[in-house]
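One structure below.
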Amino acid sequence: MKILVANRGEIAVRIIRACREMGIPSVAVYSDCDRDARHVREADQAVHIGPSPAAESYLRIDGIIEAARRTGADAIHPGYGFLAENASFARACRDAGLTFIGPTPEAITKMGSKTAARDVAIKAGVPVVPGTEKPFDADAPDEEMVAAAAQVGYPLVVKAVAGGGGKGMRTVEAPAELLGALATARSEAGSAFGDSAVYLERRIVKPRHIEIQLLGDQYGTVIPFVERECSIQRRHQKVVEESPSIAVSPELRRKIASAAAAVAKTVGYSNAGTIEFLLDEDGSFYFLEMNTRLQVEHPVTEMVTSVDLVHWQIRIARGEKLDIDPELALTPHGHAIECRIYAEDPDMGFMPSPGLIRGLRPASGPGIRDDGGVGVGYTVPVFYDSMIAKLVAWGSSRPEAIARMGRALREYQVLGIKTTIPFFLWLMRQPEYNNGEYDTTYLDRLLKSRTQSFSEPEAADEDLAAIAAGLDAWFRASVAAAGEQGPVNRGSMWKQSARREALRG
Numbered sequence: 447m448k449i450l451v452a453n454r455g456e457i458a459v460r461i462i463r464a465c466r467e468m469g470i471p472s473v474a475v476y477s478d479c480d481r482d483a484r485h486v487r488e489a490d491q492a493v494h495i496g497p498s499p500a501a502e503s504y505l506r507i508d509g510i511i512e513a514a515r516r517t518g519a520d521a522i523h524p525g526y527g528f529l530a531e532n533a534s535f536a537r538a539c540r541d542a543g544l545t546f547i548g549p550t551p552e553a554i555t556k557m558g559s560k561t562a563a564r565d566v567a568i569k570a571g572v573p574v575v576p577g578t579e580k581p582f583d584a585d586a587p588d589e590e591m592v593a594a595a596a597q598v599g600y601p602l603v604v605k606a607v608a609g610g611g612g613k614g615m616r617t618v619e620a621p622a623e624l625l626g627a628l629a630t631a632r633s634e635a636g637s638a639f640g641d642s643a644v645y646l647e648r649r650i651v652k653p654r655h656i657e658i659q660l661l662g663d664q665y666g667t668v669i670p671f672v673e674r675e676c677s678i679q680r681r682h683q684k685v686v687e688e689s690p691s692i693a694v695s696p697e698l699r700r701k702i703a704s705a706a707a708a709v710a711k712t713v714g715y716s717n718a719g720t721i722e723f724l725l726d727e728d729g730s731f732y733f734l735e736m737n738t739r740l741q742v743e744h745p746v747t748e749m750v751t752s753v754d755l756v757h758w759q760i761r762i763a764r765g766e767k768l769d770i771d772p773e774l775a776l777t778p779h780g781h782a783i784e785c786r787i788y789a790e791d792p793d794m795g796f797m798p799s800p801g802l803i804r805g806l807r808p809a810s811g812p813g814i815r816d817d818g819g820v821g822v823g824y825t826v827p828v829f830y831d832s833m834i835a836k837l838v839a840w841g842s843s844r845p846e847a848i849a850r851m852g853r854a855l856r857e858y859q860v861l862g863i864k865t866t867i868p869f870f871l872w873l874m875r876q877p878e879y880n881n882g883e884y885d886t887t888y889l890d891r892l893l894k895s896r897t898q899s900f901s902e903p904e905a906a907d908e909d910l911a912a913i914a915a916g917l918d919a920w921f922r923a924s925v926a927a928a929g930e931q932g933p934v935n936r937g938s939m940w941k942q943s944a945r946r947e948a949l950r951g
């Protein structure tokens, strides 16, 4: 088997490393601006697939299939984002005789539409949030939407039928807000997913976002894993995830896991996937949606179960049977937290902060995992999602995991661009977060009340200026030694950095 990774950044690096561990040759693909990217140099082969805009490179199904043909790859791993949940891509792989490392096109189609997925959950006997039974396309008359909203009840949420990540999603508190929210949600969904259809769902006022990781093989076995808590969200986008949830008892865990497995079995699901739920304050839970791919937050599940999900994705795609103890999958060992590190400036409303990375010191030490996708000398582009790394901390208890995450965030240094690290340092110190007293609306409410800059140093961070100055001096000395002039002609600088990383092991 030779696997082409149809993605970029940290997830491409993660999959390439798994291939290396399993003795499987890997192929990277890259656009113009990713020519010097980390995933390119870590793969066994790399193929240029087009200009920098994703629509002309990473989203070109024909280009990806041709790259696999040219390199002799016989399997494709889509990672997450881009084409990962595209049924047409999975079908094109199958038609080309390539193994798609993910679910079948039929399962993606059934679960990719939120309204169709709700129907599957209902068929499986799993509770869903009250909402409209059919989607409304761009031509649906306003009167029909107003009548449907009155039947669902306020407050409600307008949601895009396709996609995720909070795009095409608007909260409506009262009837007067409905038509404006519909127009905005439809426009955003059409731009993001090429599908402006929406549906309405009653809003659970203070829910927690709980999800269950699944693995299913080609023989009908489905294994659910211990839950992940994903309630720390900014504008419906997850930023911190952890496992297990402080709000879920062992008894409730089994109920939610059983419901998730029932949904997956109803569609004959195979490979990795995630069922997402809303957990109400009274302990009731409701099916939200299914992600038919590997999740960004999969490392926290791996840290508390010692199961390598990417290895199993590949093994399942090769036709192997699942050989995981279901009881162990639902029994967490310790606690894990993940912070998504973005190239964003939290003091400027989390605006993207692309640019040249002049220095980089990832965190390390006991219980720390860094899933990074960049290196010194790389320029973070403006064309893609701005996440550059995922920092994961494990501890024998939640307080220990939080303490380790705080320590790791202080160590983690990125020079040349702004990142969300100062924001996470601040969040780890908030009493509500430490006590587990939050829901999906917590972070947005907390950010509204903040007036101090995230970048203002605190007493415990006095050593950071010295660390940053040292990294900056190293970068300048390296550039001078290489005869470089700033960010131009980064190739030799990148190679020197690669050699240093290799020497460090």
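In my numbering, the protein residues as written are 447 to 951. Note that CB positions come from ideal geometry on N, CA and C, so glycine has one too. No experiment lies behind these values; they were computed from the predicted model shown.
Which residue wins for smallest C-alpha separation from residue i, given the options the options?
| i | options | result |
| --- | --- | --- |
| residue 596 | 570, 841, 735, 623 | 623 |
| residue 651 | 636, 618, 637 | 618 |
| residue 690 | 882, 483, 536, 886 | 882 |
| residue 836 | 845, 714, 866, 634 | 866 |
| residue 747 | 694, 780, 710 | 780 |
| residue 720 | 777, 833, 742, 730 | 742 |
| residue 884 | 840, 787, 461, 675 | 675 |
| residue 714 | 490, 536, 554 | 554 |
| residue 585 | 616, 573, 633, 776 | 633 |
| residue 792 | 759, 832, 774, 810 | 832 |
| residue 628 | 612, 608, 603, 648 | 603 |
| residue 640 | 607, 490, 733, 810 | 607 |
| residue 872 | 886, 896, 861 | 896 |
What's the C-alpha gap between residue i and residue j?
| i | j | result |
| --- | --- | --- |
| residue 823 | residue 804 | 6 Å |
| residue 945 | residue 568 | Because the pLDDT of residue 945 is 39, which lies under 50, any placement of that residue in the model is unreliable, and the question is left without a value. |
| residue 870 | residue 845 | 16 Å |
| residue 450 | residue 682 | 32 Å |
| residue 716 | residue 856 | 40 Å |
| residue 448 | residue 789 | 32 Å |
| residue 522 | residue 570 | 31 Å |
| residue 535 | residue 696 | 39 Å |
| residue 504 | residue 655 | 30 Å |
| residue 752 | residue 684 | 23 Å |
| residue 828 | residue 864 | 14 Å |
| residue 678 | residue 889 | 6 Å |
| residue 543 | residue 462 | 22 Å |
| residue 422 | residue 525 | The requested residue 422 is not part of the displayed model; the chain covers only 447 to 951. |
| residue 520 | residue 514 | 7 Å |
| residue 615 | residue 501 | 23 Å |
| residue 760 | residue 545 | 10 Å |
| residue 492 | residue 819 | 16 Å |
| residue 589 | residue 701 | 40 Å |
| residue 900 | residue 587 | 45 Å |
| residue 620 | residue 458 | 43 Å |
Keeping to the same chain, check which residues put their C-beta closer than 8 Å to that of residue i; ignore five residues upstream and five downstream.
| i | result |
| --- | --- |
| residue 913 | Reliability of the predicted coordinates at residue 913 is poor, the pLDDT of 47 falling under 50, and the value obtained from them is presented with this limitation in mind. Same-chain partners within the cutoff: 807, 859. |
| residue 529 | 452, 504, 505, 507, 510, 535 |
| residue 893 | 680 |
| residue 952 | With the chain running from 447 to 951 in the structure shown, residue 952 is simply not present. |
| residue 755 | 659, 661, 718, 740, 744, 747, 748 |
| residue 497 | 477, 478, 503 |
| residue 576 | 598, 599, 647, 648 |
| residue 516 | 493 |
Leaving aside the five residues before and after residue i along the sequence, list all residues of the same chain whose C-beta is less than 6 Å from its C-beta, in chain order.
| i | result |
| --- | --- |
| residue 783 | 688, 839, 847, 851 |
| residue 460 | 817 |
| residue 937 | Residue confidence for residue 937 is low, a pLDDT of 37 falling below 50, so the modelled location carries little weight; the figure read from the coordinates is stated next. Correct list: empty, nothing qualifies. |
| residue 853 | none |
| residue 825 | 802 |
| residue 564 | 574 |
| residue 842 | 780 |
Report all residues from its chain with a CB closer than 7 Å to the CB of residue i; omit the five preceding and five following residues, and keep chain order.
| i | result |
| --- | --- |
| residue 537 | 551 |
| residue 948 | In this predicted model, residue 948 has a pLDDT of only 36, less than 50, meaning its place in the structure is not dependable; the value taken from the coordinates is given anyway. Correct list: empty, nothing qualifies. |
| residue 909 | With a pLDDT of 48 at residue 909, under the threshold of 50, the modelled position of that residue is not reliable, and no figure is offered here. |
| residue 765 | 664 |
| residue 499 | 829 |
| residue 533 | 551, 554, 555, 558 |
(Q) List, from N- to C-terminal side, the beta strand (DSSP E) runs of 3 residues or more that fit wholly inside the segment 578-642. (A) 602-606, 615-618
- Query: Does the segment 579-587 come close enough to the segment 558-568 to have 3 or more Cβ pairs within less than 8 Å?
  - Reply: Between the segment 579-587 and the segment 558-568, the count of C-beta pairs closer than 8 Å reaches three or more; the two stretches touch.
*asked:* Which runs of the beta strand (DSSP E) at least 3 residues long sit entirely within the segment 457-486? Give them in chain order.
replied: When DSSP assignments are scanned along the segment 457-486, the uninterrupted stretches of beta strand (DSSP E) that are 3 or more residues long and fall wholly within it turn out to be 472-477.
When you compare the segment 722-739 with the segment 757-777, are there three or more beta-carbon pairs, one atom per stretch, that lie closer than 8 Å? no
Q.
Would the segment 694-713 count as touching the segment 654-663 if we require 3 or more Cβ pairs under 8 Å?
A. yes
Fill in: Three or more C-beta pairs below 8 Å linking the segment 791-798 and the segment 456-469
Under the Cβ criterion (8 Å, minimum of three pairs), the segment 791-798 does not count as touching the segment 456-469.
ask   = Three or more beta-carbon pairs under 8 Å between the segment 661-671 and the segment 730-746, yes or no?
value = no
So within the segment 792-876, which uninterrupted beta strand (DSSP E) runs reach at least 3 residues, ignoring any that extend past its ends? List check, beta strand (DSSP E) in window: 805-807, 814-818, 833-841, 859-861.
Evaluate contact between the segment 479-494 and the segment 530-550, counting only Cβ atoms and requiring at least three cross-stretch pairs below 8 Å. no
**Report entry** Inside the segment 484-536 only - beta strand (DSSP E) runs reaching at least 3 residues
**Finding:** 491-496, 521-523
- Note down, one range per segment and in chain order, each beta strand (DSSP E) of at least 3 residues found wholly within the segment 639-720. Listed in chain order, the complete beta strand (DSSP E) runs (minimum 3 residues) inside the segment 639-720 are 644-648, 654-662, 668-670, 674-680, 683-689.
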